[in-house]
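Numbering (the numbering used here), first residue to last: 87 to 336. Just so you know, even glycine gets a beta-carbon here, dropped at the ideal spot from N, CA and C. Just below is one structure, and these are the notes that go with it.
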DNA sequence: AACTTCGTCAACCGCGAGACC
DNA sequence: AGGTCTCGCGGTTGACGAAGT
């Protein structure tokens, strides 16, 4: 085969490196079909393939697996990637687990080419923050309304009980109408989201719901101009992994 | 048409965690 | 207990084609 492989073949410690040939792919695929995934270091012994176990695993996981989805990342997938990356950071394998058919390598590449250096303009940042603040305010109002309604209902119950001189049995206390339960559930979800810390987020290996409340993103509600810049800078430093304070703008 | 720059993606490298002896 | 092996992960590199000059 191979005009290509012979020119690209690199041998280091007996292992071939560089692009895989069709023959190598076939050998590896047959190996996995017969032996299953794993024991990658025995691929070379069994098939005669001059590839390291590490290289075999990578080739299988990123390219040969039959359940891989080919083609461009869809807008829906992009949304999931963005949201999960906001929660999990560069934990590509965890993100990939939530996107069936996509590999960590694929997602990592996609992120780096599409978002890594795509720091939004000052104007765009201001718009995003404004949008986010409005959403926050709206959610907060809904939360307060729900809280107020619950309190009113509670007082109403309480007054009723007092006026009738009846004790309030615990079981009865916990019985709510479906509407009340919905409100309570919504409120609890809201409070849980608000209480979720970064550590909590880290523990979500999979699969946090793709659509999430902005409140769970944990951005500050009010960000002045100075903090705004500092926030974005620190975020991008985190992504860049650089610590230099005076690194240039993207 | 030739050259340069940019975007994409496959593949490699180094490291850490866990299993095994 | 500690040394070695294996596997998986995230970061990085390099090849290659497309787009721009």
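Between which two residues does the alpha helix (DSSP H) holding residue i run?
i           : result
residue 197 : 190-197
residue 171 : 161-174
residue 110 : 108-121
Reducing DSSP to helix, strand and coil, say where residue i ends up.
i           : result
residue 101 : strand
residue 185 : coil
residue 148 : helix
residue 139 : helix
residue 131 : helix
residue 156 : coil
residue 126 : coil
residue 227 : helix
Taking residue i as the reference, give the member of the options with the closest Cα.
i           : options               : result
residue 109 : 159, 131 and 135      : 135
residue 140 : 173, 228, 185 and 102 : 102
residue 161 : 104, 200, 121 and 116 : 200
residue 122 : 142, 105 and 170      : 142
residue 145 : 158, 115, 131 and 230 : 115
residue 138 : 169, 106 and 163      : 106
residue 184 : 129, 191 and 163      : 163
residue 152 : 119, 125 and 128      : 119
residue 112 : 100, 178, 129 and 179 : 129
residue 175 : 198, 156 and 186      : 198
residue 100 : 117, 147, 236 and 131 : 131
residue 156 : 187, 124 and 165      : 187
Would residue i pass as a contact of residue j if the rule is Cβ separation under 8 angstroms?
i           : j           : result
residue 189 : residue 154 : yes
residue 149 : residue 167 : no
residue 170 : residue 159 : no
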